[in-house]
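**Q**
Residue numbers (the working numbering): 34 to 318.
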């Protein structure tokens, strides 16, 4: 979307209650006499700007433009530590990001244009996990939209995600089954570790115990016949899964929050999505 817009577009700065965090955002407001229904857009995992920019595309700018042309106020926000927002993204968890979104809802409530009885959230991927967390805790949320949101434990989601990625690479079903077993073993060993050194040791043992019962054909197909490749695989998983954000994320179960929802819910998952599998997560939701 490019200016001039048939609506008001305003870049804003606001803060949390104790002023320790600043948020940079863009609010788009329909022309005419309000109040209008309003929504906060919630980004997916990783540090994202307010437009959720990826490979030159700005999906949140597109969504905001469409909804505002159709009568909705839309607030899209830089993640903490990104753009005009302050804070340490690297040491934060999904729970911290949920607080940020709740602060954004509080900001919307200060705007006279907002219809306070028609306030909602639209969350993509991790944002589709965060929206139910907030809606379960607040009484002023009228609706949420989950775009590729999780409906099962994240460990289960990631297991199927890895399997789908392997299948897309042409890996056989038998090898995919063995890879899922390996992922489960390594994740369990990392989750039970107090520190990264112990996690690496336990994950390495889990890898070699798994390898000992597998055929050369399976190991070769998965690229794990060589001991250096197995060590590299374990190192990558430990590095990924033992960070502050991932330790919280991997242990997350959306079900308790979904069960508490008392607002309108629209859940949309793509049948070609190989990261959040629709046939697994929509039934979960």
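We put the beta carbon where it would ideally sit given N, CA and C, even for glycine.
Here the structure is a predicted model, which means the values were calculated and not measured.
In the DSSP output, what is residue 44 paired with across the bridge?
**A** Numbered from its first residue, the chain shown carries residue 44 at position 11. In DSSP, residue 44 forms a bridge with 59.
**Q** Assign residue 145 to one of two classes, buried (16 or more other C-beta atoms within 10 Å of its C-beta) or exposed (fewer than that).
**A** The residue labelled residue 145 in the question sits at position 112 within the chain shown. The residue is exposed, with fewer than 16 neighbouring Cβ atoms inside 10 Å.
**Q** For residue 118, count neighbouring C-beta atoms within 10 Å of its own C-beta (all shown protein chains included) and say buried if the count is 16 or more, exposed if not.
**A** Against the chain shown, residue 118 aligns to sequence position 85. Residue 118 should be labelled buried.
**Q** What did DSSP end up calling residue 115 once you bin it into helix, strand or coil?
**A** One-based indexing of the chain shown puts residue 115 at position 82. If DSSP states are grouped into helix, strand and coil, residue 115 belongs with coil.
**Q** With DSSP as the reference, identify every bridge partner of residue 147, one or two as the case may be.
**A** For the purposes of this step, residue 147 is identified with residue 114 of the chain shown, where counting begins at 1. DSSP, once it has assigned bridges, lists 69 as partnering residue 147.
**Q** Here's the rule: buried if 16 or more other CB atoms are within 10 angstroms of the residue's CB, otherwise exposed. What is residue 295?
**A** One-based indexing of the chain shown puts residue 295 at position 262. Residue 295 is exposed by the Cβ-count criterion.
**Q** Excluding the five sequence neighbours on either side, which residues of its own chain have a C-beta within less than 8 Å of the C-beta of residue 173, listed in chain order?
**A** Position 140 of the chain shown, counted from the first residue, corresponds to residue 173. Only 138, 142, 149, 152 meet the Cβ criterion.
**Q** Can you tell me the Cα-Cα spacing of residue 34 and residue 54, whole angstroms?
**A** Taking the chain shown and counting its residues from 1, one reaches residue 34 at position 1. Taking the chain shown and counting its residues from 1, one reaches residue 54 at position 21. Their Cα atoms are separated by approximately 29 Å.
**Q** Whole angstroms are fine: how far does the CA of residue 281 sit from the CA of residue 126?
**A** As a first step, residue 126 must be located in the chain shown, where it is residue number 93. As a first step, residue 281 must be located in the chain shown, where it is residue number 248. Each residue's Cα considered, the two are about 6 Å apart.
**Q** For residue 193, tell me which candidate among 108, 211, 265, 179 has the shortest Cα-Cα distance.
**A** Position 160 of the chain shown holds residue 193. Of the listed residues, the one whose Cα sits closest to residue 193 is 211.
**Q** May I have the straight-line CA-CA distance separating residue 186 from residue 62, to the nearest angstrom?
**A** Taking the first residue of the chain shown as position 1, residue 186 is located at position 153. Taking the first residue of the chain shown as position 1, residue 62 is located at position 29. In a straight line, the C-alpha of residue 186 is about 37 Å away from that of residue 62.
**Q** Keeping to the same chain, check which residues put their C-beta closer than 8 Å to that of residue 214; ignore five residues upstream and five downstream.
**A** Taking the first residue of the chain shown as 1, we reach residue 214 at position 181. Closer than 8 Å at Cβ, skipping near neighbours: 243.
**Q** Where DSSP assigns a beta bridge to residue 77, which residues make up the other side?
**A** As a position in the chain shown, residue 77 is number 44, starting the count at 1. The partner list for residue 77 (beta bridge, DSSP) is empty, contrary to what the question assumes.
**Q** Give the range of the beta strand (DSSP E) segment to which residue 106 is assigned.
**A** Reading the chain shown from its first residue, position 73 is the one you call residue 106. Element bounds for residue 106: 106 to 110.
**Q** When the Cα atoms are used, what is the spatial distance from residue 182 to residue 311?
**A** Counting from 1 along the chain shown, the entry for residue 182 is found at position 149. Counting from 1 along the chain shown, the entry for residue 311 is found at position 278. C-alpha separation (whole angstroms): 9 Å.
**Q** Taking contact to mean at least 3 C-beta pairs separated by less than 8 Å, is the segment 55 to 74 in contact with the segment 96 to 106?
**A** At 8 Å Cβ cutoff, the stretches touch.
**Q** Can you tell me the Cα-Cα spacing of residue 260 and residue 202, whole angstroms?
**A** On the chain shown, position 227 is the one that residue 260 refers to. On the chain shown, position 169 is the one that residue 202 refers to. About 22 Å.
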